[in-house]
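Below is one structure, written out as structure tokens; the observations come after it.
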Amino acid sequence: FKRALEPNIKLNRLTLRAFTDADKDRLFQSVRHSSAELMPFLPWCHPQYDRKDAKTWIRFAQATWRDRTQFAFLIEASATGALIGGVGLDSPSELGDANLGYWVRTDCTGYGYATEAARGLAALGLQHLELKRVLITLSVHNSASRQVAIKTGAQFLREEKDGLTLHEVKHDALIYAFTQPRLRLTA
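Here the working numbering is used: position 157 in the sequence shown is 750, and no number is missing along the way.
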């Protein structure tokens, strides 16, 4: 990425915040609590996920933030500070594309949090980072993530045979995109 994002972003109900070392235990607990739902669709989530994995992820997120190759955020409830999930932009291309990923704790699904976080970060990517497109790539079997992509207003681009590998298994992928001027932060 040519520019950096602010490490603390306020949305309507949510705050997107860069990871700190102090987030290790909350991240671990959130992932473990939701691992049955997350594991099939997130390559980093596995049955033995532990505090060391959380610490490793946080260190990776901090390093990639510094070198501007990825911007990973915690999703927190603005009113309470409760950890809701994660959202991030990564893999910037020379063509001006980047990938958007998101996850939400199982007990926080159904409230529109993933939609708000994904839409907000995509808008910042297009406007502040001057990306041409923000892409969401998901397994055809991930109906929850597909609903989020649709609710955000991302445009369906295509289905790609074997376009995603999760836990060494190929999945057909659905690809959605946000483009300028379709999305605004206040949308």
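Yeah, the Cβ is synthetic: ideal placement off N, Cα and C, and Gly gets one too.
If you reduce the DSSP assignment to three classes, tell me which class Y706 lands in. Note: Y706 maps to helix in three-state DSSP.
Below 6 Å CB to CB, which residues in the same chain sit around D683 once its five sequence neighbours on both sides are set aside? Excluding residues within five positions, the ones whose Cβ falls inside 6 Å are Q663, N692.
Going by DSSP, what residue range makes up the beta strand (DSSP E) through A611? Looking at the DSSP string, the run of the beta strand (DSSP E) that includes A611 is 607-611.
Kindly indicate which residue of Y642, W637, R610, G713 has the alpha-carbon position closest to the one of Q622. Checking every option, the nearest Cα to that of Q622 belongs to Y642.
Roughly how many angstroms lie between the CA atoms of G713 and P640, to the nearest whole one? So the two alpha carbons sit approximately 31 Å from each other.
Using three-state DSSP, classify W696 as helix, strand or coil. The answer is strand: DSSP assigns W696 an E or B state.
What does DSSP give as the partner residue(s) for Y642 in the beta ladder? When beta bridges are read from the DSSP output, Y642 appears opposite no residue.
To the nearest angstrom, report how far apart A647 and L750 are at their CA atoms. About 33 Å.
Kindly indicate which three-state DSSP category V741 falls into: helix, strand or coil? V741: helix per DSSP, three-state reduction.
What number of angstroms, rounded off, separates the C-alpha of L620 from the C-alpha of L676? Computed Cα separation, rounded: 8 Å.
Since F666 and G679 are thought to touch, with beta carbons under 8 Å apart, how far apart are those beta carbons, to the nearest angstrom? Cβ-Cβ separation between F666 and G679: approximately 7 Å, consistent with a contact (criterion under 8 Å).
CA-CA distance, T708 and P633? Straight-line measurement puts the Cα of P633 at about 20 Å from the Cα of T708.
Helix, strand or coil at G689 according to DSSP, with G and I counted as helix: Looking at G689 - three-state DSSP - the assignment turns out to be coil, as it is neither helix nor strand.
In the DSSP assignment, find the unbroken alpha helix (DSSP H) run with R625 in it and report its ends. In the DSSP assignment, R625 falls within the alpha helix (DSSP H) that extends over 617-631.
Just to confirm, are T783 and A711 a CB contact at a threshold of 9 Å? A query on residue 783 cannot be resolved here, the shown segment of the chain reaching from 594 to 780 and no further.
To the nearest angstrom, how far is the alpha carbon of D614 from that of A629? Cα-Cα distance, rounded: 25 Å.
Spatially closest choice to S732 from K725, R644, L724, V741, by CA coordinates: Of K725, R644, L724, V741, the residue nearest in Cα terms is V741.
What is the C-beta distance between T770 and L728, in whole angstroms, given that I count them as a contact (C-beta under 8 Å)? First, the amino acid is wrong: residue 770 is Ala here, not Thr. Yes, A770 and L728 are in contact; Cβ-Cβ is about 5 Å, under 8 Å.
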